[in-house]
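If you use full-length UniProt numbering, the sequence shown corresponds to residues 1 to 321, in order.
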Amino acid sequence: MKWLGDRSYAWPVLIAVVIFTALNAFASPAFTDVTNWNGMLIGVAPFIITAMAQTAPVLSGEGGIDLSVGPLAGLVNAMVTSILVPNGWADPVTIIGASLGVGILSGLLNGFLIAVVRVQPIIATLGTFLAFQGITLEMLPMAGGLAPQWLLGLAGSYGGLSGMLVLLIVLGLVWLAFERTGYRRNLLAVGGDARAAYASGVNVAGVRIIAYVIGGVLAAIAGLVFTAALGSGDPRVGVPYTLTSIAAVALGGIALTGGRGGMLGAAAAGTLLFLIQTLFTLAQVSIFYIQIMYGLILLVALTLNAAGERARRGRMTKQLG
Numbered sequence: 001m002k003w004l005g006d007r008s009y010a011w012p013v014l015i016a017v018v019i020f021t022a023l024n025a026f027a028s029p030a031f032t033d034v035t036n037w038n039g040m041l042i043g044v045a046p047f048i049i050t051a052m053a054q055t056a057p058v059l060s061g062e063g064g065i066d067l068s069v070g071p072l073a074g075l076v077n078a079m080v081t082s083i084l085v086p087n088g089w090a091d092p093v094t095i096i097g098a099s100l101g102v103g104i105l106s107g108l109l110n111g112f113l114i115a116v117v118r119v120q121p122i123i124a125t126l127g128t129f130l131a132f133q134g135i136t137l138e139m140l141p142m143a144g145g146l147a148p149q150w151l152l153g154l155a156g157s158y159g160g161l162s163g164m165l166v167l168l169i170v171l172g173l174v175w176l177a178f179e180r181t182g183y184r185r186n187l188l189a190v191g192g193d194a195r196a197a198y199a200s201g202v203n204v205a206g207v208r209i210i211a212y213v214i215g216g217v218l219a220a221i222a223g224l225v226f227t228a229a230l231g232s233g234d235p236r237v238g239v240p241y242t243l244t245s246i247a248a249v250a251l252g253g254i255a256l257t258g259g260r261g262g263m264l265g266a267a268a269a270g271t272l273l274f275l276i277q278t279l280f281t282l283a284q285v286s287i288f289y290i291q292i293m294y295g296l297i298l299l300v301a302l303t304l305n306a307a308g309e310r311a312r313r314g315r316m317t318k319q320l321g
């Protein structure tokens, strides 16, 4: 119960997930059919993983954000399908190692620009957004290429269990272990008050760089998920998930000013966005209106997030007064 109490920020979005799950089940009885669950997990996984990728940068504070999350996932997808596999480097060690390596390098670059050079996060990651998208289009101008056979299994099952479910469970267990480390405490401290954290001996720059590395690694994993789900490459696949990841973070109760929140809220909000999209699809709403809906959700989420932070600061001011 204490664990849930410490994560009260995620309660509203968790309740919304339950409500929209019920609405989807009411709209289509097939939604609850076990045979469809693997397909739904394939659909929801990118929402969850890209939302998780956005979380650590936002928690690091000072306007922390990573606009390059979506294009980085797309870059990994293009790299695997247009370079690694065609050149015979299709084994798991090479593909996973290269993908995670790209994610780490991206995080180091973003983190260095933001924490050391002191470029504003939105400017630094907009630059890497454009760079990654340009590199992706150079590697793969149009949809094509092939995914390695072993990676396609991620969209299937392992020992009767959905490959995507196994991946999400593993990521969840890794994050639960991570939450017990001193780094998470330092991340929240830096995001909450960087000066106070520095005065207490925390390496503020190091904490922020690691936050962007975490985001880069998770975005790279999302790229592998895209590759498994599509079975090929698509230079446009990752870009839309930058906005959904930001919306998920805001909806998930994570303070956009940093220092408060966690992966649970982001993952739940990513699930909620998928459920809303699924409901609109069942209602045969045009994809263009779904894009409008995403924009409205982002605006509402940002407004509610800002209002919640003002209310929290007001309560703290009264308590101190």
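Ideal placement from N, C-alpha and C gives every residue a C-beta, glycine not left out.
If you follow the alpha helix (DSSP H) that residue i is part of, which residue opens it and which one closes it?
i           : result
Leu140      : Premise fails: Leu140 is in no alpha helix (DSSP H) and is neither H nor E.
Gly70       : 69-79
Pro57       : 37-59
Gln149      : 149-152
residue 330 : As displayed, the chain neither begins before 1 nor continues past 321, which places residue 330 out of reach and without an answer.
With C-beta atoms as the reference, is residue i less than 9 Å away from residue j?
i           : j      : result
Gly43       : Phe274 : yes
Gly252      : Val69  : no
Gly270      : Thr244 : yes
residue 350 : Ala306 : Only positions 1 to 321 of the chain appear in this structure, which leaves residue 350 out of reach.
residue 322 : Leu279 : Here the chain covers residues 1 to 321 and nothing more, so residue 322 does not appear.
Gly295      : Leu75  : no
Ala266      : Ile65  : no
Phe132      : Ser99  : no
Gly259      : Gly191 : yes
Ala255      : Gly308 : yes
Thr242      : Thr50  : yes
Ala219      : Gly103 : yes
Helix or strand or just coil, what does DSSP make of residue i?
i      : result
Gly144 : strand
Gly233 : strand
Leaving out five residues on either side along the sequence, give the residues of the same chain with a beta carbon under 8 Å from the beta carbon of residue i.
i           : result
Gly144      : Thr81, Ser82, Ser232, Gly233
Phe178      : Arg184
residue 346 : No answer is possible for residue 346: the residues shown for the chain start at 1 and end at 321.
Residues in the same chain with beta-carbon distance under 6 Å from residue i, minus the five sequence neighbours each way, listed in chain order, please.
i      : result
Ala56  : Ala211, Ile214, Gly215
Tyr198 : Val204
Starting from the C-beta of residue i, find all residues in its chain whose C-beta is less than 7 Å away, skip the five residues before and the five after it, and write them out in chain order.
i     : result
Ala30 : Asn36
Gly16 : The sequence shown places Ala at residue 16, not Gly. Here the set comprises Leu272.
Counting only runs of 4+ residues fully inside the segment 164-214, write out the alpha helix (DSSP H) ranges in chain order.
-> 182-192, 194-199
Could you pull out every unbroken alpha helix (DSSP H) segment of at least 4 residues lying fully inside the segment 244-301, listed in chain order?
-> 263-282
Can you check the segment 79-142 for any alpha helix (DSSP H) of at least 4 residues that lies completely inside it and give the ranges in chain order?
-> 92-111, 121-139
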